[in-house]
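Peer 1:
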Amino acid sequence: MNYERSKAPLALMEQIIMILVFALAAAICLQAYVYADKMSKDGQLRERASARAREVIEYCKATEGDLPFVSGRLSGEYGFGTERTPESREMQEAPDTEPGSEDAGDVPDTGAGGDTVPIWLTVDYPEDGVKVVLQVTDADRVCRKADVQVYDEGGEVIFSTRTAWQIGGRER
Amino acid sequence: MDMRGKLQKHNIEGVFVLLLFAVFAVTVVAVLALGANSYRNLVERDNESYNKRIITSYVAAKIQNHDVQGAVRVGGFVRPEEEDGVPTLHLYQDIDGQIFDMRIYYYQGYIYELFTTESNSIKPDAGNPIMEATSLALQEERFAQGKTLIHIHAVDANGLEDSAEVTVRSESGVAS
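Read top to bottom, the protein sequences are chains A and B.
Add 931 to a position in the first sequence, counting from 1, and you land on the number used in our numbering.
Add 37 to a position in the second sequence, counting from 1, and you land on the number used in our numbering.
1) Evaluate the contact criterion for the stretch 145-158 of chain B versus the stretch 175-189 of chain B: three or more CB pairs, one atom per stretch, below 8 Å.
2) Could you pull the start and end residues of the beta strand (DSSP E) that residue 1057 (chain A) belongs to?
3) Output needed for residue 948 (chain A): all residues of its chain with C-beta closer than 6 Å, excluding positions within five of it in sequence on either side, in chain order.
4) Determine the chain B residues that contact residue 943 (chain A) at a beta-carbon separation under 9 Å, and present them in chain order.
5) Cβ of residue 971 (chain A) less than 9 Å from any chain B Cβ?
6) Hey, would you say residue 124 (chain B) sits closer than 9 Å to residue 107 (chain B), going by beta carbons?
7) Where does the unbroken beta strand (DSSP E) through residue 166 (chain B) begin, and where does it stop?
8) Closer than 9 Å, CB to CB, is residue 78 (chain B) near chain A or not?
9) Starting from the beta carbon of residue 202 (chain B), find every residue of chain A whose beta carbon is closer than 7 Å, and list them in chain order.
10) Can you pull the chain B residues whose beta carbon is under 8 Å from the beta carbon of residue 968 (chain A), in chain order?
11) In chain B, what lies closer than 7 Å to residue 1090 (chain A) by C-beta?
12) Can you list, in chain order, the residues of its chain whose CB lies under 7 Å from that of residue 1084 (chain A), leaving out five sequence neighbours each side?
13) Taking residue 155 (chain B) as the reference, give the member of B:193, B:80, B:129 and B:76 with the closest Cα.
14) Starting from the beta carbon of residue 72 (chain B), find every residue of chain A whose beta carbon is closer than 8 Å, and list them in chain order.
15) Taking the C-alpha atoms as reference points, what is the distance between residue 995 (chain A) and residue 117 (chain B)?
16) Just list the residues that DSSP pairs residue 1008 (chain A) with in beta bridges.
17) Report yes if the CB atom of residue 1014 (chain A) is closer than 9 Å to the CB atom of residue 1070 (chain A), and no otherwise.
18) Would you say the stretch 159-170 of chain B touches the stretch 55-71 of chain B, given that touching needs at least three Cβ pairs under 8 Å?
19) Quick one: grab the DSSP three-state call for residue 1093 (chain A).
20) If you reduce the DSSP assignment to three classes, tell me which class residue 1161 (chain A) lands in.
21) Which residues in chain A sit within 8 Å of residue 83 (chain B), going by Cβ to Cβ distance?
22) Name the chain A residues that come within less than 7 Å of residue 182 (chain B), Cβ to Cβ?
23) If the cut-off is 8 Å on Cβ atoms, which residues from the stretch 100-112 of chain B count as contacting chain A, listed in chain order?
24) Among residues of its own chain, excluding the 5 on either side of residue 1087 (chain A), which ones have a beta-carbon nearer than 7 Å to its beta-carbon?
25) In angstroms, rounded to a whole number, what distance separates the CA positions of residue 964 (chain A) and residue 1009 (chain A)?
26) Under a Cβ-count criterion, where at least 16 other Cβ atoms within 10 Å of its own Cβ denotes burial, should residue 92 (chain B) be classed as buried or exposed?
27) With distances taken between CB atoms, is the gap from residue 172 (chain B) to residue 975 (chain A) smaller than 9 Å?
28) Span of the beta strand (DSSP E) holding residue 4 (chain B)?
29) Alpha carbon to alpha carbon, what distance is there between residue 120 (chain B) and residue 160 (chain B)?
30) Let's test the definition: count the other Cβ atoms within 10 Å of the Cβ of residue 1058 (chain A) and tell me whether it reaches 16, buried, or not, exposed.
31) Reducing DSSP to helix, strand and coil, say where residue 92 (chain B) ends up.
32) Could you spell out the range, first to last residue, of the beta strand (DSSP E) harbouring residue 132 (chain B)?
33) With 9 Å as the threshold, decide whether the Cβ of residue 957 (chain A) is near any Cβ in chain B.
34) Contact defined as beta carbons within less than 8 Å: I believe residue 1075 (chain A) pairs with residue 1067 (chain A). What is the distance between those atoms, to the nearest angstrom?
35) Do you know offhand how far residue 972 (chain A)'s Cα is from residue 1089 (chain A)'s?
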């Protein structure tokens, strides 16, 4: 008797190839989904970080950099250092303070010759999982400049910016 | 092998192929559903973030655009110094010698904007509704340094809260 050969193995082969191709495509798609989700979450965190940085900056601008006050208002901490003023910069750049000389070792990075004043501020926002750190980098008669960095819970910088605020003022 | 045995073998092979195809179809649908869900989450998160921020960003931008000495006030709807139940941001402008007042306030489910003359006793519903919201709170804080900080707290139509602070830089004048 002459029986017809089964076509099932052929269909099976075809399906196996189809599944393999699909598995590859699905793996790429899943990676893309996960990456997109991570990017979206990171973006949201950066947005919160920038909003918090802005809050600290606005308080500093409004109080002309009264860091103890801002620290009290936002439940943060502040620390002291020497302001980097034009005078201290001149002192640092003076020819008798060459690198390696005895005097050079006495000049701190933040400046020298000025009074010790509050120059850094940290504010924790546990509800957003971020920490804002503001460090005054430069100071003169009418202006203070500062670096602002926002850290995530892992201690990585997720947002950073620079700011400046005016000291004093006069009626126009 | 007899005829019956061969037919049985064909049936089992056919069922296996069919089963494999069914598994494949289910997996395709599952991956598609996962993708759709992932996309929906992204869009929802973005929309939520945008809606949450838009009111405070709008008010903050308006304050910064009108940052002229004495031009930014917070208080009652008709006059800043008279509380009348509609907390309002007043942004004054001098146009050809006449003082105009742009008022931004929350009233009956919407953030309104109204441009009128100073101290005009017009009704709050005369303004243009800008966007849906649940509330908008504005607070003015004056500092010893002569500067003013405006606190903005907004709740959007979906109940999401956001707050922002804006310093009115013009208040203390120019440093010299």
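Every residue, glycine too, gets a C-beta built ideally from N, C-alpha and C.
Peer 2: According to the data block:
1) no
2) To locate residue 1057 (chain A), count along the first sequence from 1; it is residue 126. Where residue 1057 (chain A) is concerned, there is no enclosing beta strand (DSSP E), given that its DSSP letter is neither H nor E.
3) Position 17 of the first sequence, counting from 1, holds the residue named residue 948 (chain A). Counting only Cβ-Cβ distances below 6 Å, and skipping sequence neighbours, we find nothing.
4) Position 12 of the first sequence, counted from the first residue, corresponds to residue 943 (chain A). 50, 53, 54 and 57, listed in chain order.
5) Taking the first residue of the first sequence as 1, we reach residue 971 (chain A) at position 40. Cβ-Cβ to chain B under 9 Å: yes for residue 971 (chain A).
6) Here residue 124 (chain B) corresponds to residue number 87 of the second sequence, with the count starting at 1. Here residue 107 (chain B) corresponds to residue number 70 of the second sequence, with the count starting at 1. No; because the gap between Cβ atoms is not below 9 Å, this pair is not in contact.
7) Indexing the second sequence from 1 puts residue 166 (chain B) at position 129. From DSSP, the beta strand (DSSP E) with residue 166 (chain B) extends over 165-179.
8) Within the second sequence, residue 78 (chain B) is the residue found at index 41, counting from 1. Yes, because at least one Cβ of chain A sits closer than 9 Å to the Cβ of residue 78 (chain B).
9) Residue 202 (chain B) sits at position 165 when you count from the first residue of the second sequence. What residue 202 (chain B) touches in chain A: 986, 989 and 990.
10) Numbered from its first residue, the first sequence carries residue 968 (chain A) at position 37. Near residue 968 (chain A) (Cβ distances below 8 Å), the residues of chain B are 75, 78 and 79.
11) Taking the first sequence and counting its residues from 1, the one referred to as residue 1090 (chain A) is at position 159. What residue 1090 (chain A) touches in chain B: nothing, since even the nearest Cβ is about 15 Å away.
12) On the first sequence, position 153 is the one that residue 1084 (chain A) refers to. For residue 1084 (chain A), where only same-chain residues beyond five positions count, the Cβ hits under 7 Å are 1060.
13) Taking the first residue of the second sequence as 1, we reach residue 155 (chain B) at position 118. Comparing Cα positions, the closest option is B:129.
14) If you number the second sequence from 1, residue 72 (chain B) lands on position 35. Near residue 72 (chain B) (Cβ distances below 8 Å), the residues of chain A are 960 and 964.
15) The residue you call residue 995 (chain A) lines up with position 64 of the first sequence. The residue you call residue 117 (chain B) lines up with position 80 of the second sequence. Straight-line Cα distance between these residues: approximately 26 Å.
16) On the first sequence, position 77 is the one that residue 1008 (chain A) refers to. Partner(s): A:1053.
17) For the purposes of this step, residue 1014 (chain A) is taken as residue 83 along the first sequence, with counting starting at 1. For the purposes of this step, residue 1070 (chain A) is taken as residue 139 along the first sequence, with counting starting at 1. Yes; because the gap between Cβ atoms is below 9 Å, this pair is in contact.
18) no
19) Within the first sequence, numbered from 1, the residue matching residue 1093 (chain A) stands at position 162. DSSP places residue 1093 (chain A) in strand when its eight states are reduced to three.
20) For chain A, the structure presents residues 932 to 1103; residue 1161 (chain A) sits outside this window and is missing.
21) Taking the second sequence and counting its residues from 1, the one referred to as residue 83 (chain B) is at position 46. Simply 971.
22) The residue given as residue 182 (chain B) occupies position 145 in the second sequence. Those within 7 Å of residue 182 (chain B) in chain A are 994 and 995.
23) 106
24) Locating residue 1087 (chain A) in the first sequence gives position 156, where the first residue counts as 1. Nothing meets the Cβ criterion.
25) Counting from one through the first sequence, the residue named residue 964 (chain A) turns up at place 33. Counting from one through the first sequence, the residue named residue 1009 (chain A) turns up at place 78. Their backbone Cα atoms lie some 42 Å apart in a straight line.
26) Locating residue 92 (chain B) in the second sequence gives position 55, where the first residue counts as 1. Flag for residue 92 (chain B) reads buried.
27) Taking the second sequence and counting its residues from 1, one reaches residue 172 (chain B) at position 135. Taking the first sequence and counting its residues from 1, one reaches residue 975 (chain A) at position 44. Contact flag unset, no.
28) Since the first residue of chain B shown is 38 and the last is 213, residue 4 (chain B) is not available in this structure.
29) Looking up residue 160 (chain B) in the second sequence gives position 123. Looking up residue 120 (chain B) in the second sequence gives position 83. Taking the straight line joining both Cα atoms gives about 15 Å.
30) For the purposes of this step, residue 1058 (chain A) is taken as residue 127 along the first sequence, with counting starting at 1. Exposed, because fewer than 16 other Cβ atoms sit within 10 Å of the Cβ of residue 1058 (chain A).
31) Reading the second sequence from its first residue, position 55 is the one you call residue 92 (chain B). Correct three-state label for residue 92 (chain B): helix.
32) Counted from its first residue, the second sequence places residue 132 (chain B) at position 95. First-last of the beta strand (DSSP E) with residue 132 (chain B): 125-132.
33) Here residue 957 (chain A) refers to the residue found at position 26 of the first sequence. Interface residue, yes.
34) Here residue 1075 (chain A) is taken as the residue at index 144 of the first sequence, counted from 1. Here residue 1067 (chain A) is taken as the residue at index 136 of the first sequence, counted from 1. Rounded, the Cβ-Cβ distance is 6 Å, consistent with contact.
35) Looking up residue 972 (chain A) in the first sequence gives position 41. Looking up residue 1089 (chain A) in the first sequence gives position 158. For residue 972 (chain A) and residue 1089 (chain A), the distance between alpha carbons rounds to 12 Å.
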